[in-house]
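If you're matching them up, the sequences are chains A and B in order.
The first sequence begins at 1 in this note's numbering and counts up one residue at a time.
The second sequence begins at 1001 in this note's numbering and counts up one residue at a time.
Each residue gets a CB set at the ideal place from its N, CA and C atoms; glycine is no exception.
Structure first, then comments.
Protein chains: 2
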Amino acid sequence: MDRERIWTAALVVIGDEILSGRTQDKNVAEVATWLNQQGIRLAEVRVVPDDPMRIGDAVNALRSTNDYLITTGGIGPTHDDITIDSIAAAAGVPVIVHPEARKMLEDYYSSRGLELTEARLRMARVPEGAELIPNPTGGPPGVRFDNIFILAGIPNVAKAMLQALDGQLQGGRPMVSVTVGAFAAESEVADLLRETENAHPGAAIGSYPFTKDDRFGANFVIRSADGDLARTTGDALTERLREAGFEPIEGGI
Amino acid sequence: MDRERIWTAALVVIGDEILSGRTQDKNVAEVATWLNQQGIRLAEVRVVPDDPMRIGDAVNALRSTNDYLITTGGIGPTHDDITIDSIAAAAGVPVIVHPEARKMLEDYYSSRGLELTEARLRMARVPEGAELIPNPTGGPPGVRFDNIFILAGIPNVAKAMLQALDGQLQGGRPMVSVTVGAFAAESEVADLLRETENAHPGAAIGSYPFTKDDRFGANFVIRSADGDLARTTGDALTERLREAGFEPIEGGI
């Protein structure tokens, strides 16, 4: 294996609605998948409440230990949208109204015959020194401040902002994953899984059990930044499963 | 408002499969909802990879700042199931085979004509001093160690283990939430939301926007441990929305 730089990101999901159980988060999986396409590994996620100190602590802890930090949630016009202020405070910079964002909001509201009220203008506020992230859905933009990417919480808006960032972040090789499934109880294949992983340094095998039609099964996911190694390891695992009397199912069950 | 003790818990979700985007987490919402029923507030969630140090750091940081810590994932029989070892190491205690868990596994496998192999016996390992959490689905048990509750990662098994813990954890009053929805753009109601919240100390109002049939709308969720206060605040908000020309929809949209 060549030694190569691994690029990492962390995600801070901001929102009482996730912690109360009211809303099922969808941004973690979306951000994780997108990061992987950019060759960046999602190293940690924290879900924190709408509390400036808690947001600031999570942001500062994770932005210093990762190449990138993404946040979702809390950038709308209402009193509970405190992400911008919390991040600016954590970084020790003032909040300013971004001229370009102000212009976008003015155009947006005037085209609808509406005024740019103080509440609406909140959506143009950014930590001083920040740039805007385009919002292809037409709403207010996201915000990039240093290595922090501040996205909307609504999943389709967050997703559109990520797409606007496609290829903009430096990363390494995307992680390649190969999945093999079998109707085997995990405990029956634990040894061969471990042995196959040990025989292929640089590849990690995850085992994810399920029951289907009252049968035990598991999917085995081989992951590596080295695509050839991932495939070789997948082939080796397939062979070992077959030898052990299980029918391997390529791509998983 | 009477000052009362607020009980909190944190959740550590252990699993590369969540961070890779392969698996959509379902345990956060489930744990959040269950905790609320016990009168315990979910204060933070961290999703960490299958890495002993990362698991240990998250567990130690969160168990000391919350009344309870729950973990999901990584307690099966395969090489990537490292939760027990990681938590024991973080707490500075050895891992032992729990006699009762061993007996349960022996009974389970012998009734199926199967041997208790080393891989299967892994599921009886616990940090020294731990107790078992019943698993009503019939599989291996969860583990309680001090204020840490170690649950399975498979959502229906995690849920069953939580149900087995119903009423076992000391908590306070459950949080009461009242939802009012309206077809209003958030920026049109930002002021009245803030004013209503300010007029009702002890109640928090969250605003969750959506678009439906090309119309802007939002649900407003009033939350308080004081049920009467939550309802009074909901009534006041309903009145304010009506005055502002929006039709309030009880229970949300």
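Residue range of the unbroken alpha helix (DSSP H) whose run includes Lys1159 (chain B): From DSSP, the alpha helix (DSSP H) with Lys1159 (chain B) extends over 1155-1164.
Short-range partners of chain B found in the stretch 9-31 of chain A, where Cβ spacing is below 9 Å: Under the 9 Å Cβ criterion, the stretch 9-31 of chain A contributes Leu11, Val13, Gly15, Asp16, Glu17, Ile18, Leu19, Ser20, Gly21, Arg22, Thr23, Gln24, Asp25, Lys26, Val28, Ala29, Glu30, Val31.
Whole-angstrom C-beta distance between Gly142 (chain A) and Phe149 (chain A), which should lie under 8 Å: Between Phe149 (chain A) and Gly142 (chain A), the beta carbon gap of about 7 Å places them in contact (Cβ cut-off 8 Å).
7 Å Cβ cutoff, Met1 (chain A) in contact with chain B: Any reading at Met1 (chain A) needs caution, since the residue's pLDDT is 42, under 50, leaving its predicted position unreliable; the model's value is listed next. So, not an interface residue.
Alpha-carbon to alpha-carbon, Arg63 (chain A) and Leu42 (chain A): So the two alpha carbons sit approximately 12 Å from each other.
Residue interval of the alpha helix (DSSP H) (run including Glu1131 (chain B)): Where Glu1131 (chain B) is concerned, there is no enclosing alpha helix (DSSP H), although the beta strand (DSSP E) it sits in stretches over 1131-1133.
Any non-hydrogen atom of the ligand GTP closer than 6 Å to Pro1049 (chain B) Cβ: With respect to the ligand GTP, the structure offers nothing, as it holds no ligand at all.
Residues bridged to Ser1207 (chain B) [DSSP beta-bridge criterion]: Answer is B:Phe1220, bridged to Ser1207 (chain B).
Three-state secondary structure (DSSP) of Asp2 (chain A): At Asp2 (chain A) the pLDDT is 45, less than 50, meaning the model places this residue with poor confidence and gives no usable figure here.
Cβ-based burial, Thr1065 (chain B) [other Cβ within 10 Å; buried from 16]: Answer is exposed; the Cβ neighbour count stays below 16.
Residues of the stretch 141-162 of chain A whose Cβ lies closer than 8 Å to any Cβ of chain B, in chain order: Listed in sequence order: Ile154.
Thr71 (chain A) and Val12 (chain A) closer than 7 Å at C-beta: Val12 (chain A) sits close to Thr71 (chain A), with the two beta carbons spaced by under 7 Å.
Reduced DSSP secondary structure (H/G/I, E/B, other) of Pro99 (chain A): In the structure shown, Pro99 (chain A) adopts helical secondary structure according to DSSP, grouped into three states.
Residues of its chain near Glu1197 (chain B), where Cβ-Cβ distance is below 6 Å and the 5 sequence neighbours each way are ignored: Correct list, in chain order: Ile1205.
is_contact[Thr238 (chain A), chain B] using C-beta, thresh 7 Å: Contact with chain B is absent for Thr238 (chain A), since none of that chain's Cβ atoms lies less than 7 Å from the residue's Cβ.
Buried or exposed (CB count within 10 angstroms, at least 16 for buried), Ser110 (chain A): Exposed: under 16 other Cβ atoms inside 10 Å.
Test: Val126 (chain A) CB closer than 7 Å to a CB of chain C: Absent from the structure: chain C. Protein chains present are A and B.
Range of the contiguous alpha helix (DSSP H) that encloses Pro127 (chain A): Run containing Pro127 (chain A): none in the alpha helix (DSSP H); it sits in the beta strand (DSSP E), 125-127.
Near-chain A residues of the stretch 1076-1096 of chain B (beta-carbon distance less than 7 Å), N- to C-terminal order: Cβ proximity to chain A below 7 Å picks out Gly1076, Pro1077, Thr1078, His1079, Asp1080 from the stretch 1076-1096 of chain B.
Proximity of Glu1106 (chain B) and Leu1132 (chain B) at Cβ, strictly below 7 Å: With a cutoff of 7 Å on beta-carbon distance, Glu1106 (chain B) and Leu1132 (chain B) are scored as not near each other.
Cutoff 7 Å: Met1206 (chain B) Cβ touching any chain A Cβ: Here residue 1206 (chain B) turns out to be Gly, not Met, going by the sequence shown. Contact with chain A is found for Gly1206 (chain B), since one of that chain's Cβ atoms lies less than 7 Å from the residue's Cβ.
Neighbour list for Met1175 (chain B) in chain A, Cβ cutoff strictly below 9 Å: Residues of chain A whose Cβ lies closer than 9 Å to the Cβ of Met1175 (chain B) are, in chain order, Ser20.
Near-chain A residues of the stretch 1040-1051 of chain B (beta-carbon distance less than 9 Å), N- to C-terminal order: From the stretch 1040-1051 of chain B, only Arg1041, Leu1042, Ala1043, Glu1044, Val1045, Arg1046, Val1047, Val1048, Pro1049, Asp1050 have a Cβ closer than 9 Å to chain A.
Buried versus exposed call for Gln38 (chain A) [16 or more other C-beta atoms within 10 Å across all chains shown]: Buried, by the Cβ-count rule.
Leu1229 (chain B) and Ala1203 (chain B) closer than 7 Å at C-beta: At the C-beta level, Leu1229 (chain B) and Ala1203 (chain B) come within 7 Å of one another.
DSSP state of Arg1063 (chain B) mapped onto helix, strand, coil: Helix, per DSSP.
Paired residues, beta bridge with Gly1142 (chain B) - DSSP: In DSSP, Gly1142 (chain B) forms a bridge with B:Ile1133.
Beta-carbon spacing of Leu1193 (chain B), Ala1244 (chain B) below 7 Å: Their beta carbons are not under 7 Å apart, which means Leu1193 (chain B) does not touch Ala1244 (chain B) by this criterion.
With 16 other Cβ atoms within 10 Å as the buried cut-off, status of Leu1114 (chain B): Leu1114 (chain B) is classed as exposed because its beta carbon has fewer than 16 other beta carbons within 10 Å across all chains shown.
Residue span of the beta strand (DSSP E) that contains Val93 (chain A), given as start and end: Careful: Val93 (chain A) lies outside any beta strand (DSSP E) and carries neither H nor E.
Beta carbon proximity, Arg120 (chain A) to chain B, threshold 7 Å: Chain B, which has a Cβ nearer than 7 Å to the Cβ of Arg120 (chain A), makes this yes.
Of the listed residues A:Val95, A:Thr233, A:Gly171, nearest to Val180 (chain A) (C-alpha basis): Looking only at A:Val95, A:Thr233, A:Gly171, the smallest Cα-Cα distance to Val180 (chain A) is reached by A:Thr233.
Contact set between Arg1102 (chain B) and chain A, taken where Cβ atoms lie within less than 8 Å: Under the 8 Å cutoff, chain A gives no residues; its nearest Cβ is about 14 Å from Arg1102 (chain B).
Alpha helix (DSSP H) runs wholly inside the stretch 7-65 of chain A, at least 4 long, in chain order: Complete alpha helix (DSSP H) runs here, min 4: 16-19, 27-37, 52-65.
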